[in-house]
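The sequence shown runs contiguously to residue 584 in our numbering.
Presented below is the structure to which this report refers.
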Amino acid sequence: MKHYDLIILGAGASGLMCAAQLRQNSSLSVGIIEGNNRPALKLKASGGGKCNLTNVEVDESHYLGDETLVKSALAVFTQRQLLDYFRDGGLRPVIRKERYYFCPKSSDEVISILIGKANGCDLLLGHKILSVEGKSPFVITTDKGKFSAKNVVVATGGASYKELGASDIGLRIAQSYGIKTVPFSPALVGLTLQPKEFWMKELSGISFPARIHVAGKSLDEDLLFAHRGISGLVVLSASLYWHRGEIVIDFVPDFDLNTLKYEKKSISTAIPLPKRFMKAFLDAVGLEDKACNRLNADEWEKLLRIRNYAMAPSGTFGLSKAEACRGGVACEEINPSTMESTKIDGLYFIGETVDVTGELGGYNFQWAFSSAVMCASSITL
Ligand SMILES: Cc1cc2nc3c(=O)[nH]c(=O)nc-3n(C[C@H](O)[C@H](O)[C@H](O)COP(=O)(O)OP(=O)(O)OC[C@H]3O[C@@H](n4cnc5c(N)ncnc54)[C@H](O)[C@@H]3O)c2cc1C
204 MKHYDLIILG
214 AGASGLMCAA
224 QLRQNSSLSV
234 GIIEGNNRPA
244 LKLKASGGGK
254 CNLTNVEVDE
264 SHYLGDETLV
274 KSALAVFTQR
284 QLLDYFRDGG
294 LRPVIRKERY
304 YFCPKSSDEV
314 ISILIGKANG
324 CDLLLGHKIL
334 SVEGKSPFVI
344 TTDKGKFSAK
354 NVVVATGGAS
364 YKELGASDIG
374 LRIAQSYGIK
384 TVPFSPALVG
394 LTLQPKEFWM
404 KELSGISFPA
414 RIHVAGKSLD
424 EDLLFAHRGI
434 SGLVVLSASL
444 YWHRGEIVID
454 FVPDFDLNTL
464 KYEKKSISTA
474 IPLPKRFMKA
484 FLDAVGLEDK
494 ACNRLNADEW
504 EKLLRIRNYA
514 MAPSGTFGLS
524 KAEACRGGVA
534 CEEINPSTME
544 STKIDGLYFI
554 GETVDVTGEL
564 GGYNFQWAFS
574 SAVMCASSIT
584 L
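Take a look at the structure:
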């Protein structure tokens, strides 16, 4: 059985970053075990193949999870440090919509930088991890054999997008050591509709900027109508905070409805939204498409629903379509300065395996990389 000082489980975003950091700053022997035949398949597919690395505005308010833990990791490896790190490797991130940092060409650029910096670690591909047992040394059993290590970093990610190699092994490993976990559930995912909102299904393919109010948060981005329900960047971010109950959609966040009071044009002409949407919306709220200046008080009330359309989604598009997972190893089980288990010495959890989830917009890679750097720094000290 081959022995390492440290074994990282999972060669995704956080696992590769942790390996790269250890390689640069220590002489420990490091093995990385990955189920796929290629590393970082989720990272490769991310951001439409161009990986949204981080955001212009990063702080703990964009995450669900323990504030102290998130804040502590983000301080160890800030968004500036992340950008400098990849720039140093030759990447020239581009900003989209004045907030999102993307790769200019392809996510492969990020993957090759990480693999280059992790050079010297043993990358064991095509090994499905089955279990971890014992304590310093830990024994890792895969479908191809057993390995032992003094320290283990669990970086096996969340359970969404199984076709990219995702699994819940991180939670099962934690549970086998009596560490508390929160079940994985879909986040950053489209929302399905109750029958009374089925009028939206007819609008599949239409997209425009909207604002969603959910659980005390107000989020602005594009809304996309889909066959199964509503999607688009604003819905994906809203899904992070939605559990059950209502969300409120403002379909015209940048339009002053007061300007319509003296408007002679019909409602659907005066409001700058796609005609198909306007027609379906007016039908749904039972309002005739008449001249705006001829609306009575009752009709105004109905029109105002375009600004505060309250609806209760029936569910989500599910784990197979979710860009991230809520849930993971409970934050209270993790040392907020090291990412080490507070119960088991030498056992660490990083990235999406931990119960921390970011909004859409590069926040999840920022967390994956920051938690990995914090973990690696604590091991090399
Ligand atoms: C389609 C899509 C697009 C996304 N786009 C973005 C984006 O643009 N920006 C952003 O910030 N976030 C994005 N995300 C989220 C982001 O990819 C994840 O949050 C991030 O990859 C988590 O990093 P991680 O290291 O924790 O897990 P991962 O990157 O998922 O790595 C986990 C690794 O562990 C391996 N593994 C799992 N189980 C086993 C097992 N039993 N045996 C062996 N190996 C195993 C997996 O194969 C994988 O390689 C996207 C996600 C998806 C699905």
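Ideal placement from N, C-alpha and C gives every residue a C-beta, glycine not left out.
Contact set for Ala216: own chain, Cβ-Cβ below 6 Å, skip 5 residues either direction: By 1-based counting over the sequence shown, the position of residue 216 is 13. Excluding sequence neighbours, Ala216 sits near Leu246, Phe568 and Ala571.
Output yes or no for whether 9 Å exceeds the beta carbon distance between Ser580 and Val233. The residue you call residue 580 lines up with position 377 of the sequence shown. The residue you call residue 233 lines up with position 30 of the sequence shown. Not a contact, by the Cβ cut-off of 9 Å.
Taking Cys254 as part of the alpha helix (DSSP H), name the residues at either end of that continuous run. Against the sequence shown, residue 254 aligns to sequence position 51. First-last for Cys254: undefined, no H or E at that position.
Label Gln224 either buried or exposed according to how many other C-beta atoms from any shown protein chain fall within 10 Å of its C-beta, with 16 as the threshold for buried. The sequence position of residue 224 within the sequence shown is 21, counting from 1. The residue in question, Gln224, is buried, as its Cβ has 16 or more Cβ neighbours within 10 Å.
Cβ-based neighbour list, Gly368, same chain, cut-off 6 Å, excluding 5 preceding and 5 following: Stepping through the sequence shown from its first residue, residue 368 is reached at position 165. Answer for Gly368: Gly238, Asn239 and Leu244, listed in chain order.
Are three or more beta carbon pairs between the region 380-393 and the region 412-419 nearer than 8 Å? no
At a cut-off of 8 Å, would you count Glu526 as near ligand 3, judging by its Cβ distance to the nearest heavy atom? Inclusion of ligand 3 in the displayed structure is not the case, the ligand content consisting of ligand 1 alone.
Over the uninterrupted beta strand (DSSP E) stretch that includes Arg414, give me the two end residues. Taking the sequence shown and counting its residues from 1, the one referred to as residue 414 is at position 211. Element bounds for Arg414: Ser410 to Val417.
Please confirm whether Arg299 and Ser334 have their CB atoms less than 9 Å apart. Locating residue 299 in the sequence shown gives position 96, where the first residue counts as 1. Locating residue 334 in the sequence shown gives position 131, where the first residue counts as 1. No, Cβ-Cβ distance for Arg299 and Ser334 is not below 9 Å.
Gly250: buried (16+ other C-beta within 10 angstroms of its C-beta) or exposed? Taking the first residue of the sequence shown as position 1, residue 250 is located at position 47. Buried, since its Cβ has 16 or more Cβ neighbours within 10 Å.
Quick one: measure Cβ to Cβ for Gly292 and Ile316, integer angstroms, because I've assumed they're closer than 8 Å. As a working mapping, residue 292 is identified with position 89 in the sequence shown. As a working mapping, residue 316 is identified with position 113 in the sequence shown. Contact flag correct, Cβ pair sits at about 3 Å.
Following a CB-centred definition, is Trp402 positioned closer than 8 Å to any heavy atom of ligand 1? Here the question's residue 402 lines up with position 199 in the sequence shown. It does not: the Cβ of Trp402 is nowhere closer than 8 Å to a heavy atom of ligand 1.
Cβ neighbours of Thr541 in the same chain (closer than 6 Å, five flanking residues each side left out): The residue given as residue 541 occupies position 338 in the sequence shown. Around Thr541: Ser581.
Residue closest to Tyr304, alpha-carbon to alpha-carbon, out of Val261, Glu270, Glu336 and Gly323: Here residue 304 refers to the residue found at position 101 when the sequence shown is read from its first residue. Residue Val261 is the option with its Cα nearest to Tyr304.
C-alpha distance - Ser229 paired with Asp325, whole-angstrom precision: Position 26 of the sequence shown, counted from the start, is the residue given in the question as residue 229. Position 122 of the sequence shown, counted from the start, is the residue given in the question as residue 325. Distance between the alpha carbons of Ser229 and Asp325 is about 15 Å.
With DSSP run on the structure shown, which of helix, strand or coil describes Met481? Numbered from 1 along the sequence shown, position 278 holds the residue referred to as residue 481. DSSP places Met481 in helix when its eight states are reduced to three.
Among Gly373, Ser523 and Gly435, which has the Cα closest to the Cα of Glu562? Here residue 562 is taken as the residue at index 359 of the sequence shown, counted from 1. Ranking Gly373, Ser523 and Gly435 by Cα distance to Glu562 puts Gly435 first.
I want to check one thing, is the minimum distance from the CB of His265 to the heavy atoms of ligand 1 below 8 Å? If you number the sequence shown from 1, residue 265 lands on position 62. Flag unset: Cβ of His265 not near ligand 1.
Got a sec: does ligand 1 put a non-hydrogen atom nearer than 8 Å to the Cβ of Ala571? Working through the sequence shown from its first residue, we reach residue 571 at position 368. True, at least one ligand heavy atom lies under 8 Å from that Cβ.
Hey, out of Leu460, Gly531 and Leu422, whose CA is closest to Tyr585's CA? Since the first residue of the chain shown is 204 and the last is 584, residue 585 is not available in this structure.
Those residues which DSSP pairs with Ala527 across a bridge: The residue you call residue 527 lines up with position 324 of the sequence shown. Paired residue(s): Ala390.
Determine, using beta-carbon pairs with one atom in the region 267-274 and one in the region 527-535, whether at least three such pairs fall under 8 Å. Three or more Cβ pairs drawn from the region 267-274 and the region 527-535 lie within less than 8 Å of each other, which places the two stretches in contact.
Does the region 514-534 come within contact of the region 487-499, defined as at least 3 CB pairs closer than 8 Å? no
What residue from Leu277, Leu209 and Asp287 has the CA that sits closest to Val356's CA? For this step, residue 356 is matched to residue 153 along the sequence shown. Closest option to Val356, Cα to Cα, is Leu209.
Do Leu460 and Leu506 have their beta-carbon atoms positioned less than 9 Å apart in this structure? Indexing the sequence shown from 1 puts residue 506 at position 303. Indexing the sequence shown from 1 puts residue 460 at position 257. For Leu506 and Leu460, yes; Cβs fall inside 9 Å.
Secondary structure, alpha helix (DSSP H): runs of 4+ residues fully inside the region 347-389: 372-379
For Lys596, which residues of its own chain have a beta-carbon under 7 Å away from its beta-carbon, when the five flanking residues on both sides are left out? The chain is shown from 204 up to 584; residue 596 falls before or after that span and cannot be answered.
Buried or exposed (CB count within 10 angstroms, at least 16 for buried), Ala441: As a working note, residue 441 is residue 238 in the sequence shown. By the 10 Å Cβ count, Ala441 comes out buried.
Quick one: what's Arg299 bridged to in DSSP? Here residue 299 refers to the residue found at position 96 of the sequence shown. Its beta-bridge partners are Tyr303.
If you draw a straight line from the C-alpha of Arg295 to the C-alpha of Glu405, how long is it? The residue given as residue 295 occupies position 92 in the sequence shown. The residue given as residue 405 occupies position 202 in the sequence shown. Those two C-alpha atoms are separated by around 41 Å.
Is it buried or exposed for Lys467, if we count other Cβ within 10 angstroms and need 16 for buried? Taking the sequence shown and counting its residues from 1, the one referred to as residue 467 is at position 264. The residue is exposed, with fewer than 16 neighbouring Cβ atoms inside 10 Å.
Using 10 angstroms around the beta-carbon of Glu449, count the other beta-carbons present and answer buried if the total reaches 16, otherwise exposed. For this step, residue 449 is matched to residue 246 along the sequence shown. Exposed, by the Cβ-count rule.
Give the C-beta separation of Ser573 and Leu277 to the nearest angstrom, bearing in mind that I take them to be a contact with Cβ-Cβ under 8 Å. Translated into positions along the sequence shown, residue 573 becomes position 370. Translated into positions along the sequence shown, residue 277 becomes position 74. Ser573 to Leu277, Cβ: 5 Å. Contact.
Is DSSP giving Glu312 helix, strand or coil here? Here residue 312 corresponds to residue number 109 of the sequence shown, with the count starting at 1. In the structure shown, Glu312 sits in a helix (DSSP, three-state: H, G or I).
Indicate the three-state DSSP secondary structure (helix, strand or coil) for Phe280 in the structure shown. Taking the first residue of the sequence shown as position 1, residue 280 is located at position 77. In this structure, Phe280 counts as coil in the three-state DSSP scheme.
Quick one, are the C-beta atoms of Ile509 and Phe428 less than 9 Å apart? Position 306 of the sequence shown, counted from the first residue, corresponds to residue 509. Position 225 of the sequence shown, counted from the first residue, corresponds to residue 428. Cβ distance not < 9 Å, so Ile509 and Phe428 don't count as in contact.
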